[in-house]
Structures are given as structure tokens and as C-alpha cells.
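The structure under discussion appears below in the form of C-alpha cells.
2 protein chains.
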Amino acid sequence: MLDERKATILRAVVSEYIESAQPVGSNHVATSTEVNVSPATVRNVMAALEAEGYLHQPHTSAGRVPTEKGYRFFVDQLGPGRLGASETQQVRSFFARTHGEIEQMLADTTRLLSNLTRYAAVVVGPPHEVATVRSVQLVQLTQRVVLCVVVLSNGAVEKHTIETDLDLDDLLINAAGTRLAGAAIGRSLAEVAAMTLPDISTAGGPRSDAARSDVDRLVGLTLDALRGDHRHEDQVFIGGTSEMVSAFDAVGTVSEILRILEQQLLVVNLLEDVLGRGLSVAIGRETGNEALADCSLVVAPYVVDGEAAGAIGVLGPTRMHYDQALSAVAVVANRLGRRLSEG
Amino acid sequence: MLDERKATILRAVVSEYIESAQPVGSNHVATSTEVNVSPATVRNVMAALEAEGYLHQPHTSAGRVPTEKGYRFFVDQLGPGRLGASETQQVRSFFARTHGEIEQMLADTTRLLSNLTRYAAVVVGPPHEVATVRSVQLVQLTQRVVLCVVVLSNGAVEKHTIETDLDLDDLLINAAGTRLAGAAIGRSLAEVAAMTLPDISTAGGPRSDAARSDVDRLVGLTLDALRGDHRHEDQVFIGGTSEMVSAFDAVGTVSEILRILEQQLLVVNLLEDVLGRGLSVAIGRETGNEALADCSLVVAPYVVDGEAAGAIGVLGPTRMHYDQALSAVAVVANRLGRRLSEG
DNA sequence: GCTGGCACTCCCGGCCCTCGAGTGCTCGCC
DNA sequence: GGCGAGCACTCGAGGGCCGGGAGTGCCAGC
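Keeping their order, the protein sequence lines are chains X and F.
Position 193, counted from 1, in the first sequence is what the numbering used here calls 193; the numbers after and before it change by one each time, with no gaps.
Position 327, counted from 1, in the second sequence is what the numbering used here calls 670; the numbers after and before it change by one each time, with no gaps.
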């Protein structure tokens with residue numbers, strides 16, 4: 001473990017580097033911080049810290065730069081930060097405002113987060129599977145295409161196109177719709193997706209067997225469609241990419257990072273993987289993605305109605321203002337969860 | 344007007360610059376193109392072209408670089424290009440594939456376009472206002488919140504939350520829903536939005552006056568919500584930003600461009616403005632946006648069921664492969680329109 | 001009017017040098 | 001024994017210098 005002086009000096013180097021983006025020398029540390037020792041002593045300590053892998057020297061006669069291990073220590077011993085007054089106000093007024101639909105709100109939240117932190121922001125919406133179904137409706141679009149619209153308790157709406165070669169008519173569609181509604185409303189989408197045809201009461205009206213079998217087929221197709229893409233429905237919202245770009249200097253790096261962010265599924269997995277490891281910050285390669293070696297990811301889950309619902313995160317350079325990012329993410333996750341629980 | 348030789352040389356300079364990204368000298372032009380004149384002559388011509396504003400010299404003793412006017416000439420005299428065989432195949436198989444919902448398909452289309460061109464792609468979906476309503480439904484979410492779900496003929500689904508202080512119950516919601524459905528189904532969303540309360544038949548069931556007035560109020564609120572954001576509902580999809588980034592070398596420029604692309608409304612206006620001016624290519628400042636001075640925008644409208652529906656576009660550096668971009672955009676716009684007309 | 005020739009310009013790249021920030025080490029001091 | 005002043009050393013950044021070369025403009029001749 002690091003003794004107090006080592007820790008203080010490491011802290012000083014890291015925070016200085018985060019500010020200046022330039023290798024930090026012993027002089028800087030000795031004069032401009034609360035470390036009351038001479039530069040020579042600082043040098044000794046820094047040499048030790050380098051030997052232990054916390055710092056790195058780009059070349060002899062340069063200052064020191066934190067390694068991932070250095071950032072990790074810095075982050076781990078960071079106290080619970082507080083957001084500035086104006087930022088707190090910004091968050092408060094954001095969530096006081098009305099934001100039409102849930103998707104709009106989540107998208108706006110990325111803007112809020114990236115405004116607060118000046119980094120890119122990611123918001124993963126609550127999964128649809130756990131929400132309960134409020135309404136199921138079948139609507140005929142064309143001769144052979146039916147749209148199934150599902151309204152969920154959290155205000156999300158899912159739709160699925162169903163193509164079929166059945167002879168569609170209003171009676172058939174209404175019958176199937178009624179059956180689906182009866183079986184699904186009040187249950188979670190996951191439960192509905194787990195249903196099989198026999199689960200759904202066939203107590204239909206006085207229709208012919210042929211008609212009944214058509215209804216069965218349409219109901220079956222609809223269930224298939226509902227099962228189809230549950231993973232995909234986790235909505236991901238990404239914003240503020242322009243902010244983080246300026247933190248890097250190589251266009252190539254930027255391009256790589258953007259390529260990552262364009263793959264939404266990958267981003268969700270990234271967040272969940274980090275959370276799954278019990279982390280709230282992933283530094284550099286800790287993200288598990290080579291292309292993000294120069295990035296750090298600050299994440300937080302949010303809770304809706306007492307259950308973990310989704311996650312938000314901020315992606316910036318490894319030399320990010322961790323305290324600000326951590327508090328911003330924490331506060332926004334908290335508020336977002338509360339706001340979504342209101343309903 | 345430019346005589347044939349001037350035009351040929353200008354063409355040569357522009358296409359050479361597009362390839363190499365470096366100032367083009369007279370030697371290059373004289374040797375590596377079909378211009379069969381001496382470098383000296385080329386120099387004379389180039390000096391003239393510079394005087395006329397088609398070319399620009401970064402400094403004495405450097406080659407020439409096209410100005411916006413130069414690009415403009417180049418683009419205007421470009422013949423109708425053809426897509427390569429493999430690209431054509433790519434487009435064909437893309438549109439043969441099934442893409443769940445319309446939004447998914449439009450989002451995928453940005454990927455197709457940016458794969459084809461290696462630039463950023465924008466797809467503006469068909470406006471909801473012109474589609475006809477297939478279904479209107481009111482669903483109660485919470486004590487005071489109702490969700491209005493509208494299914495449109497093109498498979499799009501709109502939803503609007505309605506907050507009210509009415510005492511909501513199923514009867515009220517059903518009554519209002521039925522009234523709305525009766526009035527809206529079969530009409531375009533624009534027509535519906537133009538309706539006022541009296542337009543909607545009040546031939547309700549045998550309910551009390553008080554109940555009827557509640558229904559009226561709920562219908563009115565719903566109409567307000569439907570009117571609310573018609574502009575905003577034009578869906579914009581943007582993809583492939585990582586591609587275009589590598590075409591620039593200054594991180595600052597990249598950041599500015601991304602900032603633009605993050606403002607979806609601005610992007611729609613950009614496309615529509617360019618199309619409105621009857622252009623299919625906007626070069627540099629022609630885009631009307633100072634931050635895009637180093638970019639060009641290639642756009643094309645697409646037609647669904649015989650009517651202009653939306654637009655697609657590609658954003659790249661001014662030194663873009665205009666022929667490829669133009670053909671890609673044209674082909675994709677055409678196919679997209681056809682695909683969306685199928686229904 | 002095109003072109004070969006020629007003098008000129010000026011950027012780019014390499015080289016060298018200096019400067020200075022920063023280091024490691026040693027040694028004296030408390 | 002730990003701290004700090006002193007000192008020699010390292011090495012990159014930055015500036016100046018130079019040569020090469022790509023490119024130009026212009027002129028004279030065919």
C-alpha cells in the first residue's frame with residue numbers, strides 16, 4: 001500500500017496531468033500543491049511510484065504521466081464529490097421540465113450529461129421486457145401485413161410487423177387482437193414472450209373451425225414477432241460526441257472511437273459489462289476494448305420502482321475530470337430513476 | 344464560359360486533387376492526363392483559371408487547389424455516373440432484405456450509404472403528416488396521463504402523452520378514443536391536426552352532459568397533442584460519421600462538424616434548403632453553414648407513391664468523390680422510394 | 001499560339017544547435 | 001535515517017540554416 005506522502009504526490013500528479021495534459025515534473029508538484037517537501041524528495045517518491053507502476057515516464061528527462069494503475073488509485077480514493085451549484089440547478093430544472101415521450105427524455109438526458117461533463121454521454125433505456133403490457137392492438141397495414149402495437153406501462157410503445165399469407169379480414173384481426181389483449185394485458189412483456197399458443201385461451205366466438213385455426217395462426221405469428229427482438233429493444237441514446245473529440249489530438253483515434261459509438265449494441269454491452277464487474281469507472285483497457293485504450297467510461301445504473309432498470313454513462317479521455325463526471329453521472333442516474341418511477 | 348481546353352484542364356486538376364489531396368502542379372496535369380499540351384501551356388491556362396476564380400494557389404511555387412467555384416464547375420459538367428457492379432449488387436441485396444420496422448430500415452439505409460461512399464450519411468424519413476391514419480387509440484398510463492397511439496398507413500407509429508386533471512375512467516377514455524378513431528381513420532394526419540372540436544361528431548352514447556363535456560375536453564387535449572410536434576416528427580437518421588472524420592486532419596474541424604450533425608433539426612433544414620434551391624450538391628459555403636466550409640453535401644429527394652416524401656444525403660469533405668457519391672445517392676434514393684411505395 | 005528554356009520562389013525535410021525542464025545521484029545536515 | 005541542496009546529465013522541443021525539388025512566370029523562338 002502507498003503511504004500518505006506517496007498517495008498525496010500521486011494524487012497531485014494525476015490531477016495536475018488531468019488539468020494540463022502535459023507530463024508533470026517534480027518542481028510543479030513541490031511548489032503548486034500542499035506537498036511541503038522539496039522537489040528532490042518528490043523526485044525520489046516519483047521514481048518509487050514509477051517502479052510500482054503508478055506513473056510512467058515518456059522519456060528520460062520528461063515529467064511523469066499516470067498509468068492506468070495510477071488513474072485507478074486516484075479514482076478509488078476519490079471521495080464522494082458534489083456537483084457545483086449551477087450544475088445541480090441545471091439538473092434540477094431539467095427534470096422539472098416536461099419531456100414529451102420517454103424516448104425524447106432519454107435522448108435529452110444525453111444532452112444534459114454531455115453538457116455537464118463536456119464528454120460523450122450514453123443512456124440505456126429501461127428494458128421493455130419488465131414493463132407490463134397496457135394494450136395490444138393489431139392493425140392491418142396492407143393485404144398481407146399486420147402491425148402489432150404494444151403499449152407498455154412506462155409509456156413505451158413497441159411495434160412489430162407481421163407478414164403472413166393468410167386472407168386477412170377485420171374479423172380475423174379483431175379476433176386475434178382480442179385474444180392477445182386478453183392474454184397479455186397486465187403481464188410483463190417477458191411473460192408474454194414466454195407464452196405459447198395453448199396458453200392463450202381459445203374461447204372464441206361462434207366461428208368455424210377453419211376461421212379459428214386462422215386466428216390461431218395469426219396469434220402464433222404475432223407471438224413469434226414479439227419474441228423476436230427483445231435484446232434489440234433496449235434503446236440506446238448517445239450524445240455529445242463532438243465534446244469528447246476535442247480531448248484527443250489524433251484524428252485516427254477519434255475515428256476509431258466514433259466507430260465504436262456507432263455500434264449501439266456494443267455500447268450497451270460495454271456498459272453492462274463494466275457494471276457487471278461492479279465498477280463505476282473503467283479506465284483505458286479496463287473497458288475491455290482496445291480502441292478505447294485512451295478513454296475512460298464512467299457508468300451508473302438507475303433504479304425505477306425499486307428495480308435496476310438501465311444505465312447511463314459518460315465516455316471521455318483517460319485524463320478525464322473523474323470527480324465531476326462521477327458526481328454528474330450519479331446525480332443524473334438518481335434523478336432519472338426517480339423521474340421514471342413517478343408514473 | 345470556359346473553352347474546351349480550359350475545361351479539360353480544370354477537370355484534371357480537380358479530380359487529381361480529389362485523389363491526392365495535394366496541390367496539383369502543371370507537370371502532373373500535362374503528363375498524367377489526356378491533355379496533350381506542354382506543362383508550360385498548362386501553366387498559362389492554370390494562371391487564367393486562377394484569375395477567373397476556379398483555382399487557388401496556397402502560395403507561390405505551389406500547385407493549384409480548386410476553389411468552390413472550381414468544384415462547382417466540375418460537378419455541373421459531371422455526366423450521369425454509374426455505380427460499380429459490386430456496389431449495385433450491394434444496394435440490390437440490401438433492399439431485397441427485410442428490415443423490420445420502417446425506422447430500422449431508414450437507420451440501416453444510413454449505414455448502406457456510408458458504406459457505399461465512405462462518408463457520413465443522412466436519411467430523412469417521410470413526413471408523418473401526409474400518411475393516412477389507420478388507427479387511433481387512447482391508453483391510460485397513470486391516474487392523470489393518457490397515451491394516444493396513432494398508427495399510420497406507412498407503418499409508422501406516433502405517440503403523444505396527454506396530461507390532464509380529468510377524472511379518467513375506462514368509459515371516458517373509450518368514448519374519446521372511439522370518437523377520435525371515427526374522425527381520424529382514413530384521413531391524413533395533417534387533416535386530423537387541422538380539425539377542431541366541432542368537426543368531430545358529438546353523437547355519443549346516452550351519457551350525461553357532464554360526461555359528454557369531459558369527453559369533449561379529452562378529445563380536445565388529444566387534438567392539441569397531435570397538433571403539437573409535427574415538424575419534430577420528421578425522423579432523421581445519421582450514420583457513418585466515423586468515416587468522414589478521417590478525411591479531415593484538424594480535430595477542431597471534426598468537432599465543429601459533429602456539433603452540426605448532432606442538431607438533427609438543423610440537418611433536416613440543411614437538406615431541405617439545398618433541395619429547395621434546386622441543387623443536388625452543395626459545396627462548402629453553399630451549404631449555408633460556415634462550419635461546413637470544408638464539406639460538401641450531396642442530396643436527393645425520394646418519391647413514395649408518386650409524391651416527394653423525404654430526402655437522403657451524404658456529407659463529406661469538399662474534395663469528395665462526387666461522381667460516386669452522386670450515383671450512390673441517386674440509386675439509393677430511387678430504391679428507397681420504390682421500397683417504401685410497395686405497401 | 002504553343003512550347004522549350006530559364007531564372008526565380010518558396011515549402012519541406014533534414015541537420016545542427018541551443019535551451020531548459022526534468023532527472024538521478026550524492027552528500028551533508030538535522 | 002530521512003530530507004534537501006547541489007550538480008552533472010539527458011533528451012526533447014524549438015529555432016535557425018541549408019539544400020533539394022517541385023512548381024511558377026516569363027520570354028524567345030518555332
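Ideal Cβ positions, reconstructed from N, Cα and C, are used throughout, including at glycine.
- In this structure, DSSP gives P317 of chain X an extended state, which the three-state scheme calls strand.
- The Cβ of E605 of chain F sits closer than 8 Å to at least one Cβ of chain X.
- Taking 8 Å as the threshold, the shortest C-beta distance from R425 of chain F to chain X does not fall below it.
- Of all residues in the region 602 to 630 of chain F, the ones placed with a Cβ closer than 9 Å to any Cβ belonging to chain X are R602, I603, L604 and E605, in chain order.
- Leaving aside the five residues that flank S670 of chain F on each side, the residues in its chain whose CB is nearer than 7 Å to its CB run, in chain order, G424, R425 and L426.
- Bounds of any beta strand (DSSP E) do not take in S381 of chain F, whose DSSP letter is neither H nor E.
- Of all C-beta pairs linking the region 577 to 595 of chain F to the region 647 to 664 of chain F, three or more are shorter than 8 Å, placing the two stretches in contact.
- With a 10 Å radius around the Cβ and a threshold of 16 neighbouring Cβ atoms, A676 of chain F comes out buried.
- Assigned with DSSP and collapsed to three states, S153 of chain X falls in coil, not helix or strand.
- Look at H399 of chain F here: in three-state DSSP terms it is strand.
- Sequence-ordered contacts of the region 461 to 483 of chain F with chain X read R477, S478, Q480 and V482 [C-beta pairs closer than 7 Å].
- Identification of chain X residues near V492 of chain F by a Cβ-Cβ cut-off of 7 Å yields V149, V151 and V157, ordered along the chain.
- Using a 10 angstroms sphere on the CB of Q578 of chain F, the tally of other CB atoms reaches 16 or more, which defines it as buried.
- Judged by their CB atoms, L561 of chain F and T507 of chain F are nearer to each other than the 8 Å cut-off.
- Spanning the alpha carbons of Q365 of chain F and R386 of chain F requires a straight line of approximately 17 Å.
- A contact between stretches requires three or more CB pairs, one per stretch, nearer than 8 Å, and the region 532 to 542 of chain F meets this requirement with the region 470 to 482 of chain F.
- By the 16-neighbour rule on beta-carbons within 10 angstroms, S296 of chain X is buried.
- Counting other Cβ atoms within 10 Å of its Cβ, L514 of chain F stays below 16 and is therefore classed as exposed.
- Contacts with chain X (Cβ-Cβ distance below 7 Å) from the region 423 to 457 of chain F involve G443 and E444, listed in chain order.
- Within the model, the alpha-carbon separation for G177 of chain X versus D616 of chain F is close to 44 Å.
- Residues are counted here when their Cβ sits less than 9 Å from a Cβ of chain F; for the region 160 to 177 of chain X these are H160, T161 and E163, given in chain order.
- For S255 of chain X, at least one C-beta of chain F is nearer than 8 Å to its own C-beta.
- Any Cβ of chain F closer than 8 Å to the Cβ of F248 of chain X would place that residue at the interface, and such an atom is present.
- If you draw a straight line from the Cα of V408 of chain F to the Cα of F237 of chain X, it comes to about 40 Å.
- Any Cβ of chain F closer than 8 Å to the Cβ of V245 of chain X would place that residue at the interface, and such an atom is present.
- According to the DSSP secondary-structure assignment, Y302 of chain X is paired through a beta bridge with X:G310.
- S404 of chain F counts as exposed, since fewer than 16 other C-beta atoms from the protein chains shown sit within 10 angstroms of its C-beta.
- Contact note: V594 of chain F reaches chain X through V245, S246, F248, D249, V251 and V254, using a C-beta cutoff of 7 Å and chain order.
- The C-beta of T196 of chain X comes no closer than 8 Å to any C-beta of chain F.
- In the three-state scheme derived from DSSP, where H, G and I count as helix and E and B as strand, T132 of chain X is classed as strand.
- Measuring C-alpha to C-alpha distances from G186 of chain X to each of X:V215, X:L152 and X:L168 identifies X:L152 as the nearest.
- A Cβ of chain F is located within less than 8 Å of the beta carbon of S242 of chain X.
- Minimum Cα-Cα distance from A325 of chain X among the listed residues X:F73, X:V304, X:S114 and X:T109 corresponds to X:S114.
- Not one beta carbon of chain X lies nearer than 8 Å to the beta carbon of G525 of chain F.
- Annotation: the continuous alpha helix (DSSP H) that includes A184 of chain X extends over D170 to A184.
- By the rule that beta-carbons nearer than 8 Å mark a contact, G316 of chain X does not touch chain F.
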